């Protein structure tokens, strides 16, 4: 997984110690109400698309960037599903690094593709309904987030005139 210059600088100072990071996650839905899930190369588990927010980066911009980088798609952000943190939002990586994260989960609709931009973090993707996601190997926080995302989509997903985080 690529490490941002900011995180690399922090790691140079604190080594493998716990680092608290602001992150975003994106629940991308298709027109049929299926959720895009991604299997990560490191760990082999499935989750929604997501990643770190860089210093001075708007979280909505980070959300669009992460979707483009990880799976080569363009999205319209439709709303905030929830914010997640706590003990199940901790990772211990194979290299010894420890991370705790707080993630803002956006709901999004697919707009198109962004060719040639994927970064190699994802080994597989798929569109899943709720029972399909339940059958995947996912982190605990992802199970909470996905349940909330499907609830959000049932209420707001196809309604016209929903607010957008995309700037004109």
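Residue numbers (our numbering): 2 to 169.
Idealized CB from N, CA, C, for every residue including glycine.
Since this is a predicted model, take the numbers as computed values, not measurements.
query: On the three-state DSSP scale, how would you describe residue 154?; result: helix
query: Report buried or exposed for residue 48, applying the criterion of at least 16 other Cβ atoms within 10 angstroms of its Cβ.; result: buried
query: When DSSP labels each residue in this structure, what does residue 23 get in the three-state scheme?; result: strand
query: Along the chain, which unbroken stretches of the alpha helix (DSSP H) at least 4 residues long are found entirely within the stretch 21-86?; result: 60-72
query: Note the first and the last residue of the continuous beta strand (DSSP E) segment covering residue 100.; result: 99-114
query: Indicate whether the contact test is met: 3 or more Cβ pairs, each with one atom in the stretch 120-138 and one in the stretch 35-51, closer than 8 Å.; result: yes
query: Below 7 Å CB to CB, which residues in the same chain sit around residue 111 once its five sequence neighbours on both sides are set aside?; result: 29, 31, 74, 76
query: So who's on the other strand from residue 128, going by DSSP bridges?; result: 37
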